[in-house]
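For reference, each letter of the sequence shown is one residue, going 47 to 363 in this note's numbering.
For glycine and all other residues, C-beta sits at the position ideal for the given N, C-alpha and C.
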Amino acid sequence: MYNSTYSPSPERYSSSSRLYVRCGKSGVLLPKVSLGFWHNFGSVDPYERSRAITHYAFDHGITHFDFANNYGPEPGSAEETFGRLMDDDFKPFRDELFISTKAGYTMWQGPYGDWGSRKYLMSSLDQSLRRMHLDYVDLFYSHRFDPLTPVEETLQTLVDIVKQGKALYVGISNWPLEPLRFAETYLKEHDVPLLIYQGRLNMLDRKQIDDGILDFCADKGIGYIAFSPLAQGLLTDRYIDGIPADSRMAKEHFLTSDRRTPQLLDYLKQLQSEAKAENRSIAQHALAWILEQRGVTSVLVGASSVQQLKNNLEVVR
Ligand code: NDP
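Next comes the structure, spelled out in structure tokens:
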């Protein structure tokens with residue numbers, strides 16, 4: 047299907063004024079809609095479909111792609127898919143892309159393949175760079191807070207990763223507010239300001255607002271990017287009439303069928319009528335709600351088809 051050299055749309059930045067927003071008080075502009083590679087880009091997924099979604103994203107100004115070491119399945123294979131995409135299509139456009147990866151969850155066996163030690167984070171990032179065929183990532187995250195490793199060790203590793211040129215910026219994901227406060231101060235004092243926080247935020251899960259994470263980020267000039275903004279597909283029309291065979295709920299253990307409750311279906315009906323009044327899909331309505339929250343920089347969507355991504359991107363048109 048894609049035998050010729052990729053030639054991205056010359057129109058890809060034509061809606062720049064609507065799409066890009068400053069990430070906190072940094073020099074970085076991020077698209078309001080970013081693309082996540084947690085699902086649909088692994089070794090189990092058809093490469094040409096992953097490739098078509100990635101092309102569509104870049105062709106429409108989505109410059110930020112988000113990874114973690116363990117995305118797949120198999121763990122690591124989403125980064126490998128991207129390495130292949132770099133070779134096939136994206137090498138000439140490296141400087142137009144903002145690529146993030148993370149380490150913090152289980153990646154390999156033994157005591158050094160998990161959590162927040164210097165040993166794990168350093169070797170994991172080296173592995174990620176090899177898989178993605180990159181010299182550096184734009185953003186490296188601590189994927190979760192490690193209560194057993196001294197927090198200074200994790201944070202100093204982030205500082206050193208930037209000083210070694212392996213990442214341009216650092217981020218924090220899923221940390222509670224108190225260690226996040228410490229991280230913000232530590233990183234600032236070590237001349238590597240915290241660029242962004244990545245957390246789960248959607249209409250069904252507002253804990254990060256209640257916990258004060260968004261206000262903290264806004265007050266400190268840290269960007270905020272919302273993951274699972276569609277609650278893995280629950281906040282779309284995907285599950286209204288049942289559980290489609292090709293859906294995440296049918297295929298993956300991350301989204302179980304007990305989430306499809308009568309209450310959810312009632313809520314979806316309400317959202318559907320609110321969305322209709324605004325001439326939007328449920329997904330667009332759900333994304334717009336996040337983008338209106340104080341402190342939010344970007345929504346990090348997943349997509350299993352070009353059509354889904356197209357639909358989601360309409361939120362900023
Ligand atoms: P979403 O909430 O956007 O869910 C994506 C899924 O929703 C798709 O795979 C698809 O499901 C469905 N979907 C998307 N758009 C539509 C649409 N327009 N109409 C109908 N269905 C739609 O995000 P994810 O949960 O995938 O997370 C996004 C990204 O966030 C990840 O890729 C990752 O980068 C990041 N993330 C970070 C985490 C962290 O700990 N830091 C944790 C989780 C995610 P289907 O496949 O069934 O078609």
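When the Cα atoms are used, what is the spatial distance from residue i to residue j?
i	j	result
glutamate 235	alanine 272	26 Å
aspartate 287	methionine 178	38 Å
tyrosine 232	serine 169	22 Å
serine 63	alanine 124	30 Å
valine 183	phenylalanine 139	14 Å
methionine 249	alanine 291	25 Å
asparagine 357	histidine 331	11 Å
leucine 204	glutamine 318	43 Å
alanine 213	arginine 252	30 Å
serine 163	glutamate 126	24 Å
aspartate 134	glutamine 316	44 Å
serine 72	glycine 341	13 Å
leucine 75	glycine 150	26 Å
tyrosine 166	histidine 189	12 Å
leucine 310	leucine 280	8 Å
histidine 110	serine 61	15 Å
phenylalanine 104	leucine 201	32 Å
serine 350	arginine 284	12 Å
methionine 47	aspartate 192	In this prediction, methionine 47 scores a pLDDT of 47, lower than 50, which makes its location untrustworthy; the coordinate-derived value is nonetheless stated afterwards. Using only the alpha carbons, I get a separation of about 45 Å.
glutamine 354	alanine 264	30 Å
aspartate 160	valine 238	24 Å
methionine 132	tyrosine 117	17 Å
proline 196	glycine 211	24 Å
What is the DSSP secondary structure of residue i, counted as helix, strand or coil?
i	result
glycine 269	strand
lysine 148	strand
aspartate 91	coil
histidine 331	helix
histidine 101	helix
phenylalanine 139	helix
proline 77	strand
aspartate 112	strand
tyrosine 66	strand
phenylalanine 186	strand
serine 96	helix
valine 208	helix
alanine 229	helix
tyrosine 313	helix
Are the beta-carbon atoms of residue i and residue j separated by less than 8 Å?
i	j	result
glycine 269	glycine 70	yes
phenylalanine 186	isoleucine 207	yes
glutamine 173	asparagine 115	yes
tyrosine 352	isoleucine 108	One detail in the question is off: residue 352 reads as valine in this sequence, not tyrosine. Cβ distance not < 8 Å, so valine 352 and isoleucine 108 don't count as in contact.
histidine 101	tyrosine 158	no
glycine 217	tyrosine 243	yes
isoleucine 328	leucine 314	yes
Would you check if there are 3 or more beta carbon pairs closer than 8 Å linking the region 72-86 to the region 340-354?
yes
Kindly provide the ranges of any alpha helix (DSSP H) runs that are 4 or more residues long and lie completely inside the region 244-310, ordered along the chain.
253-256, 259-266, 294-297
Is it the case that the region 216-233 contacts the region 250-265, given that we only count it when at least three CB pairs across the two stretches are under 8 Å?
yes
Three-pair Cβ contact test at 8 Å for the region 292-302 versus the region 313-333
no
Three or more C-beta pairs under 8 Å: does that hold for the region 85-99 against the region 140-148?
no
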